[in-house]
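In the numbering used here, the protein residues as written are -8 to 743.
Structure below.
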């Protein structure tokens, strides 16, 4: 047996000149390439997530919460967007750029604790953020999932980011299986301005950033308005071997964002608030190379072959308006949040081979959109000396949410095969299709959405929750939460959570939690359908992605998608000894009925093959509840501060270990029973179990002396294993050879 093929990823140093100007205070020019370590003494550590009670210090919470002040990590490295900043600052967080992934190259998927991008909930100022319209279906770790696009939010608009590393569906609803990311917007006054530029030492991938934030108070009651604008650009990179016509690397992206945050104090008890965002992004990525003699090429147009370019035009909008007031002794918060994300595809340097020499070389390929509107009513009150306990915080609320998903068709030439004709065969007594040209139809690189793919689907859900947080004694805090939700498309679910914090031992707090959770299958997973081109062992193959309610899935006996269910348990402690603070948390997350994208089913001569042939389908994939998973992990943070000379030195270590495995067998259905090796094959399993580092840690040193600061940070990313197309359709086997498995070595990243 040959050894695994080891593919080493070279870490390229990004040289960045960062100019940061804060008008009204100071002006500085610094050459940096690192984020600064986060220390519990850097900012006032007040947690918003994980508790309904105001002003809870993060070390006292019964669940682990990371609080990351954005001014400690932004502008100090080559990372310009939220995803990459958090990737280096928070070991439990993972986000990777993709290459050649039909849109996934322009929207970075983000996840917590090794789980999926759709198993973490994102909030803005405590309000649910809408997800992206993109469902990842090509070769990426996020395959089969829909995530939230963090990079639609300008970095300069952010005050801090809070990461709740614990299941919280009983508190916040669907998606909060791995945890919650809450982005808190700036409410400061004054003007900040940032400009930066840099590139890789290979001479490509130049990045540019220009951003400004301005805040002003009005009146004398604390009312304010804060506005941010940011423009970033990133040139493409290419790490393909010399002479290779493929494009392997980052896509070319331009990103422009605006964000507004405001509060108007109406009286002593009432505040009108709102925040809004607008983001426009254009990206260009390379598809696979088509050779000159490929039957998908027209040699008269591209005599030496061609690499199609897949361009995306993404527009993201959001608006929240709310009112905080009093109803007797109760604090009341009423709000409405609207968000929409639209992504359209434009394919260039391409052709429709069935049109021959008359083919255009660019096409509008259509796209999709997702819209979400959420209305919330939340109430809370803290009761001192309640019955026999010292105090209790009682919270409750209702939420109504409506979601809509649409697919838009492209122009005719982007999808049609002009050599394919259909006629009635009298002898056979049926319609027959004949390909007169034997040339591929549709735009190469990304075939457009067809009119038959177009759809407009909606659903709604209503939920209610109650939350109790009781200070039983001076040393013991206990919380419990219950939530019920009803979805118009799959039914009702109930979830609960209990947690505690015990501080009876001097300088030590023990904490733990147990909860159930769920994730509703997204509208994209239910209804996405398209015909695209995949490359299998170098050969182009058309693949049908069938909707959950499509003719093919019903003919094969695939059941309706149902919710994923989870059980989350954690146990940990925090300890403070003089200048050292330590936290350790162990966790286990079990997920039932995880929604996955199956492997590719083709004609096999049996009943399945007959159905595919009858529907004129070559290869087919679809979404289904197929597996259960089990994740175990450990989080560690250590911080230390000391005087050094006339200044201070802060040291921060954070680490995460996680391991996700399939728990039990593959759950096939209908006519596909017994086809487990295709239903969820080795390639998909490697994406799930090995597509993110199991081990990751960051060690940082931050020295400050008046206005001078110096930073050193080392980040370790553990090994990653991914299946190749050669492993598709095979049973999972840890002895698979190098042609079937690519192993990316662990690496260190050190910035000064």
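We put the beta carbon where it would ideally sit given N, CA and C, even for glycine. Note that the coordinates shown come from a computational prediction; the quantities given were computed from them, not determined experimentally.
Using only the alpha-carbon positions, how far apart do residue i and residue j sit?
{"i": "residue 302", "j": "residue 182", "result": "35 angstroms"}
{"i": "residue 517", "j": "residue 113", "result": "21 angstroms"}
{"i": "residue 569", "j": "residue 78", "result": "30 angstroms"}
{"i": "residue 477", "j": "residue 283", "result": "55 angstroms"}
{"i": "residue 230", "j": "residue 193", "result": "9 angstroms"}
{"i": "residue 542", "j": "residue 438", "result": "21 angstroms"}
{"i": "residue 48", "j": "residue 440", "result": "Model confidence at residue 48 stands at a pLDDT of 47, short of 50, so the residue's coordinates are unreliable and nothing is read from them."}
{"i": "residue 503", "j": "residue 469", "result": "10 angstroms"}
{"i": "residue 420", "j": "residue 414", "result": "11 angstroms"}
{"i": "residue 445", "j": "residue 462", "result": "54 angstroms"}
{"i": "residue 62", "j": "residue 199", "result": "19 angstroms"}
{"i": "residue 698", "j": "residue 652", "result": "49 angstroms"}
{"i": "residue 753", "j": "residue 618", "result": "Look at the range of the chain in this structure, -8 to 743, and you will see that residue 753 is not part of it."}
{"i": "residue 616", "j": "residue 602", "result": "22 angstroms"}
{"i": "residue 105", "j": "residue 147", "result": "28 angstroms"}
{"i": "residue 375", "j": "residue 384", "result": "9 angstroms"}
{"i": "residue 127", "j": "residue 587", "result": "11 angstroms"}
{"i": "residue 631", "j": "residue 572", "result": "7 angstroms"}
{"i": "residue 579", "j": "residue 103", "result": "13 angstroms"}
{"i": "residue 593", "j": "residue 86", "result": "33 angstroms"}
{"i": "residue 119", "j": "residue 365", "result": "8 angstroms"}
{"i": "residue 484", "j": "residue 509", "result": "8 angstroms"}
{"i": "residue 696", "j": "residue 149", "result": "26 angstroms"}
{"i": "residue 443", "j": "residue 538", "result": "12 angstroms"}
{"i": "residue 225", "j": "residue 659", "result": "43 angstroms"}
Leaving out five residues on either side along the sequence, give the residues of the same chain with a beta carbon under 7 angstroms from the beta carbon of residue i.
{"i": "residue 745", "result": "The displayed coordinates of the chain run from -8 to 743. Any statement about residue 745 would go beyond what the structure contains."}
{"i": "residue 449", "result": "393, 394, 395"}
{"i": "residue 142", "result": "72, 73, 74, 99, 246"}
{"i": "residue 82", "result": "645, 646, 647, 687, 688, 689"}
{"i": "residue 242", "result": "96, 97, 227, 274, 275, 276"}
Quick one: is residue i buried, meaning 16 or more other Cβ sit within 10 Å of its Cβ, or exposed?
{"i": "residue 228", "result": "buried"}
{"i": "residue 135", "result": "buried"}
{"i": "residue 110", "result": "buried"}
{"i": "residue 258", "result": "exposed"}
{"i": "residue 318", "result": "exposed"}
{"i": "residue 744", "result": "Summary: the structure shown does not reach residue 744, with the chain confined to residues -8 through 743, and so no result is reported for it."}
{"i": "residue 555", "result": "buried"}
{"i": "residue 404", "result": "buried"}
{"i": "residue 550", "result": "exposed"}
{"i": "residue 635", "result": "exposed"}
{"i": "residue 378", "result": "exposed"}
{"i": "residue 278", "result": "buried"}
{"i": "residue 14", "result": "Because the pLDDT of residue 14 is 31, which lies under 50, any placement of that residue in the model is unreliable, and the number read from its coordinates should be weighed accordingly. Exposed, since its Cβ has fewer than 16 Cβ neighbours within 10 Å."}
{"i": "residue 232", "result": "exposed"}
So, helix, strand or coil for residue i, using DSSP?
{"i": "residue 261", "result": "coil"}
{"i": "residue 639", "result": "strand"}
{"i": "residue 237", "result": "coil"}
{"i": "residue 659", "result": "coil"}
{"i": "residue 191", "result": "strand"}
{"i": "residue 707", "result": "strand"}
{"i": "residue 162", "result": "helix"}
{"i": "residue 744", "result": "The requested residue 744 is not part of the displayed model; the chain covers only -8 to 743."}
{"i": "residue 78", "result": "helix"}
{"i": "residue 143", "result": "helix"}
{"i": "residue 293", "result": "coil"}
{"i": "residue 198", "result": "strand"}
{"i": "residue 411", "result": "strand"}
{"i": "residue 669", "result": "helix"}
{"i": "residue 681", "result": "helix"}
By Cβ distance below 8 angstroms, which residues in the same chain neighbour residue i in space, the five residues on each side in sequence not counted?
{"i": "residue 410", "result": "345, 426, 427, 428, 429, 430, 432"}
{"i": "residue 327", "result": "311, 312, 313, 364, 365, 366, 367"}
Got a sec? Which residues, its chain only, sit under 6 angstroms from residue i by beta carbon, not counting five neighbours each side?
{"i": "residue 100", "result": "108, 133, 138"}
{"i": "residue 76", "result": "64, 70"}
{"i": "residue 252", "result": "176, 217, 266"}
{"i": "residue 220", "result": "203, 249"}
{"i": "residue 558", "result": "507, 581"}
With a threshold of 8 angstroms between beta carbons, is residue i in contact with chain D?
{"i": "residue 503", "result": "Looking for chain D here will not work: only one protein chain is present."}
The ligand MN and residue i: does any heavy atom of the ligand fall closer than 7 angstroms to the residue's C-beta?
{"i": "residue 438", "result": "Although the ligand MN was asked about, the structure shown includes no ligands whatsoever."}
Handout entry: Runs of beta strand (DSSP E) wholly within the region 447 to 514 (minimum 3 residues, chain order)
Key = 467 to 478, 482 to 496, 499 to 510
Practice task
Pick out the complete alpha helix (DSSP H) segments inside the region 316 to 395, 4 residues or longer, and give them in chain order.
Solution key: none
Problem - Sequence ranges, beta strand (DSSP E) only - wholly within the region 533 to 573, length at least 3 - result: 555 to 568
Problem - Segments assigned alpha helix (DSSP H), at least 4 residues, entirely inside the region 583 to 638 - result: 598 to 605
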